[in-house]
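One structure is given below, encoded as structure tokens.
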Amino acid sequence: MNLNVDIHNLHLKNPVMTASGTYGYGKQYSDFYDPSLLGGIVLKGTTGQPREGNAYPRMAETPSGMLNAVGLQNIGVEAFCKEMYPTIEHLDTNIIVNVSGSSIGEYCDVAAQIDALPNVPAIELNISCPNVKKGGMGFGTNPEMAAEVVAAVRKVYGKTLIVKLTPNVTSIVEIAKAAEGAGADALSLINTVLGMAVDVKRRKPVLSTVTGGLSGPCVKPIAVRCVWQVAKAVGVPVIGLGGIATADDALEFLMAGARAVQVGTANFVNPMAPVDIVAGLARYCEENNIADINEIIGII
Amino acid sequence: MKKQTTNFVIEANEVCGERCHKLVLRHPGRLPEVMAGQFVEVLVPDCSGVMLRRPISIHDCDYERNLLVLLVQRVGKGTERVTDMKVGETLNLVYPLGNGFLHTFDQLPMRPLLVGGGIGAAPLLLVARRLLMSGSRPVILIGARTEGLIPARGSFESLGVDVRYSTEDGTLGERGLVTANSAMGNDYDAILTCGPTPMMKAVAHVAMERGIACEVSLENMMACGLGACLCCVTETTEGHKCVCQEGPVFTPQTLKWL
Ligand SMILES: Cc1cc2nc3c(=O)[nH]c(=O)nc-3n(C[C@H](O)[C@H](O)[C@H](O)COP(=O)(O)OP(=O)(O)OC[C@H]3O[C@@H](n4cnc5c(N)ncnc54)[C@H](O)[C@@H]3O)c2cc1C
Ligand SMILES: Cc1cc2nc3c(=O)[nH]c(=O)nc-3n(C[C@H](O)[C@H](O)[C@H](O)COP(=O)(O)O)c2cc1C
Ligand code: FES
Chain A
15 MNLNVDIHNL HLKNPVMTAS GTYGYGKQYS DFYDPSLLGG IVLKGTTGQP
65 REGNAYPRMA ETPSGMLNAV GLQNIGVEAF CKEMYPTIEH LDTNIIVNVS
115 GSSIGEYCDV AAQIDALPNV PAIELNISCP NVKKGGMGFG TNPEMAAEVV
165 AAVRKVYGKT LIVKLTPNVT SIVEIAKAAE GAGADALSLI NTVLGMAVDV
215 KRRKPVLSTV TGGLSGPCVK PIAVRCVWQV AKAVGVPVIG LGGIATADDA
265 LEFLMAGARA VQVGTANFVN PMAPVDIVAG LARYCEENNI ADINEIIGII
Chain B
145 MKKQTTNFVI EANEVCGERC HKLVLRHPGR LPEVMAGQFV EVLVPDCSGV
195 MLRRPISIHD CDYERNLLVL LVQRVGKGTE RVTDMKVGET LNLVYPLGNG
245 FLHTFDQLPM RPLLVGGGIG AAPLLLVARR LLMSGSRPVI LIGARTEGLI
295 PARGSFESLG VDVRYSTEDG TLGERGLVTA NSAMGNDYDA ILTCGPTPMM
345 KAVAHVAMER GIACEVSLEN MMACGLGACL CCVTETTEGH KCVCQEGPVF
395 TPQTLKWL
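These protein sequence lines map, in sequence, to chains A and B. Residue numbering for the first sequence follows our numbering, starting at 15 and increasing by one per position. Residue numbering for the second sequence follows our numbering, starting at 145 and increasing by one per position.
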């Protein structure tokens with residue numbers, strides 16, 4: 015039985031990847047299993063300069079999910095290339111760097127530096143982070159701006175360019191088409207849903223930033239809907255994520271049109287979630303006489 | 145020690161203070177070595193509104209019988225669900241996590257004071273055992289609002305070291321806060337503390353004023369417990385650090401909370 019899928023030039027041994035910001039730089043889970051078992055791993059959002067992110071508290075549990083306002087804390091692209099990359103480049107999986115920024119220049123600068131790393135076959139352009147004051151989601155909520163940043167990065171980045179979309183828009187299809195038109199090779203969706211929680215005892219917002227990004231099982235139906243709408247409207251492959259914790263969750267996204275999936279918040283609950291999902295997909299195919307996982311992609 | 149995820153079997157569940165339970169958990173195979181001050185992330189089974197694991201300190205362990213002991217205070221849904229579980233049920237843990245106590249010292253302290261506040265005393269038992277093994281003579285000081293909130297007195301008193309108490313209502317030991325306890329006045333080469341933040345700050349102040357080496361154990365809200373999500377950070381002199389991975393034990397000098 016075949017679990018291989020292709021995303022543009024990327025060959026994935028199975029359709030399961032990890033989601034940016036929930037998997038560090040790929041090392042935090044290596045005590046539990048070898049990340050090479052996965053189709054790909056997407057690393058933490060990386061910016062031009064190191065960032066400290068937002069003040070604590072920047073996490074709140076909510077029913078069937080969580081809010082985060084980490085705000086792109088990261089070591090910066092230079093430290094990533096010099097210090098982090100050499101420690102992970104041997105991994106036998108698709109290492110994808112999530113590229114973030116506050117300006118088109120910053121996105122391009124980071125993308126160009128990542129382009130030089132031989133074992134990073136793709137970047138995921140994060141134009142959808144709700145937790146930073148400048149840039150981030152600002153680029154992903156307006157079709158013209160989305161097209162502008164994608165086109166600019168396209169010029170300096172030659173490998174597979176994945177663009178990550180936010181659900182916090184009136185029409186995600188419009189943004190998806192703009193990104194595709196500007197040269198995206200694939201789209202990943204969804205990033206977190208803008209949310210908020212209040213601590214009624216303290217009569218204060220729970221998060222230092224007041225609002226944050228909602229993730230986990232509670233966002234799954236929104237994500238499946240977005241994937242279904244976008245997959246129908248664009249020609250490039252779609253990577254689905256948002257609330258995936260089990261193989262059945264992953265199958266929902268595949269059937270709705272995703273070529274691959276990413277596992278995020280579920281890693282915190284079950285560190286084995288991505289490999290459990292790979293095993294579950296294989297079992298599903300076997301039990302249902304599916305010779306190739308690609309047979310069920312987009313059947314809805 | 146490699147981190148792992150394991151289904152433990154609940155061997156005993158005893159009340160050991162006001163709203164506090166002692167959970168004795170049996171590892172199905174060999175219990176791996178853990179360091180004093182490390183913690184586990186408990187998966188709370190079938191509990192509406194609780195998805196994320198709950199961080200709980202390792203209170204004690206028994207390598208011969210492959211037992212891990214936790215003290216859990218009932219403060220919310222997750223801790224209530226876990227302390228309501230029955231002997232024979234399984235509890236999934238991710239562990240051992242964090243750096244533990246004593247990691248900032250080049251040499252083990254010989255006359256240390258261990259100061260616990262309420263349930264924060266939990267990790268200090270294993271710390272005391274570790275110190276005793278090396279010939280160090282720790283003094284243990286535990287404070288709480290009232291006697292009932294001092295957890296697992298029996299385990300601390302059976303160590304055979306000097307154990308002192310402070311309660312705000314005077315129901316056990318000296319009346320008042322731990323910083324006012326007469327045991328604070330003695331000569332120590334280290335002070336290790338875990339408990340409510342205001343207490344740790346006060347204790348750290350005393351240590352720093354007297355030039356005594358100090359370690360504090362933070363209890364920030366966590367999501368992954370593995371250093372992957374960056375949710376649990378505290379501000380340090382070197383920027384944000386993850387409490388779950390680079391802590392939970394820090395020296396107060398490196399923290400910006402004093
Ligand atoms: C490294 C570490 C070690 C810990 N060791 C122990 C231990 O040995 N024994 C023990 O009983 N508890 C310990 N705690 C605290 C424990 O994790 C929380 O009490 C628990 O997560 C609360 O879960 P809940 O679902 O019952 O409460 P919730 O319903 O989530 O919250 C109820 C109340 O508890 C408070 N609370 C929630 N999380 C924390 C937290 N991380 N720290 C302090 N207060 C919190 C909330 O503010 C709220 O007011 C530790 C925490 C950390 C970070
Ligand atoms: C703590 C945390 C940090 C995140 N950081 C990033 C990030 O740096 N870049 C990014 O594109 N998405 C980030 N995300 C969003 C996730 O990659 C994912 O899109 C979202 O959480 C939905 O998937 P999930 O429900 O499976 O977690 C983060 C999410 C969480 C929970
Ligand atoms: S809880 Fe995720 S990094 Fe500490």
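Don't be surprised by glycine CBs; every beta carbon is placed ideally from N, CA and C.
The Cβ neighbour count for residue 191 of chain A, taken over all protein chains shown within 10 Å, is at least 16; the residue is labelled buried. Relative to the Cα of residue 369 of chain B, the nearest Cα in the group B/272, B/197, B/395 belongs to B/197. Relative to ligand 3, the beta carbon of residue 227 of chain A is positioned no closer than 6 Å to any heavy atom.
The alpha-carbon of residue 85 of chain A is positioned some 9 Å away from that of residue 69 of chain A. Between residue 211 of chain A and the set A/219, A/205, A/204, the nearest pair of CA atoms involves A/219. Per DSSP, the continuous beta strand (DSSP E) segment holding residue 386 of chain B begins and ends at 383–386. Across the structure, residue 31 of chain A and residue 289 of chain A are spaced so that their CA atoms are roughly 10 Å apart. Shown here, residue 49 of chain A sits in a helix according to DSSP, grouped into three states. In this structure, the C-beta of residue 216 of chain A stays at least 6 Å away from each heavy atom of ligand 1. It is roughly 28 Å from the alpha-carbon of residue 360 of chain B to the alpha-carbon of residue 64 of chain A.
At a cut-off of 7 Å between C-beta atoms, residue 149 of chain B counts as an interface residue with respect to chain A. A Cβ-Cβ contact shorter than 7 Å links residue 135 of chain A with residue 174 of chain A. Contact between the region 234–253 of chain B and the region 309–324 of chain B is absent, with fewer than three C-beta pairs closer than 8 Å. Taking 7 Å as the CB threshold, residue 15 of chain A stays off the interface with chain B.
Within the region 275–316 of chain B, the runs of beta strand (DSSP E) that reach at least 3 residues and sit entirely inside it are, in chain order, 283–288, 307–311.
By the rule that beta-carbons nearer than 7 Å mark a contact, residue 166 of chain B does not touch chain A.
For residue 256 of chain B, the enclosing beta strand (DSSP E) has its first and last residue at 256–261. Distances between the C-beta of residue 57 of chain A and the heavy atoms of ligand 3 are all 6 Å or more. In this structure, the alpha-carbon of residue 167 of chain B lies about 22 Å from that of residue 259 of chain B. Burial check for residue 165 of chain B: the Cβ neighbour count within 10 Å reaches 16 or more, so the residue is buried. Check the Cα spacing between residue 121 of chain A and each of A/97, A/132, A/90, A/221: the tightest is with A/90. Restricting attention to alpha helix (DSSP H) runs no shorter than 4 residues, the region 40–106 of chain A encloses them at 99–102, ordered along the chain. At a Cβ-Cβ threshold of 7 Å, residue 66 of chain A and residue 304 of chain B do not count as neighbours. For residue 287 of chain A, the CB contacts under 7 Å within the same chain, skipping 5 residues up- and downstream, are 259, 277, 280, 281 in chain order.
Residue B/214 holds the alpha-carbon nearest to the alpha-carbon of residue 203 of chain B among B/335, B/371, B/214, B/157. Within the region 273–288 of chain A, the residues whose Cβ lies closer than 9 Å to some Cβ of chain B are 279, 281, 282, 283, 284, 285, 286, listed in chain order.
Here the distance from the Cβ of residue 183 of chain B to the nearest heavy atom of ligand 1 is below 6 Å. Contact note: residue 146 of chain B reaches chain A through 45, using a C-beta cutoff of 8 Å and chain order. If you look at residue 136 of chain A, you'll find it in the beta strand (DSSP E) that goes 136–140.
Annotated as distal: residue 351 of chain B and residue 253 of chain B, with beta-carbon spacing of 7 Å or more. For ligand 1, no non-hydrogen atom lies closer than 6 Å to the CB of residue 161 of chain B.
Taking a Cβ-Cβ threshold of 7 Å, the residues of chain A close to residue 367 of chain B are 73, 80, 282, in chain order. Counting along the chain, residue 198 of chain B sits inside the beta strand (DSSP E) bounded by residues 198–201.
One finds 368, 370, 371, 372, 373, 374 in chain B with Cβ atoms closer than 9 Å to the Cβ of residue 38 of chain A, taken in chain order. With respect to the C-alpha of residue 105 of chain A, the residue from A/50, A/82, A/205 having the closest C-alpha is A/50.
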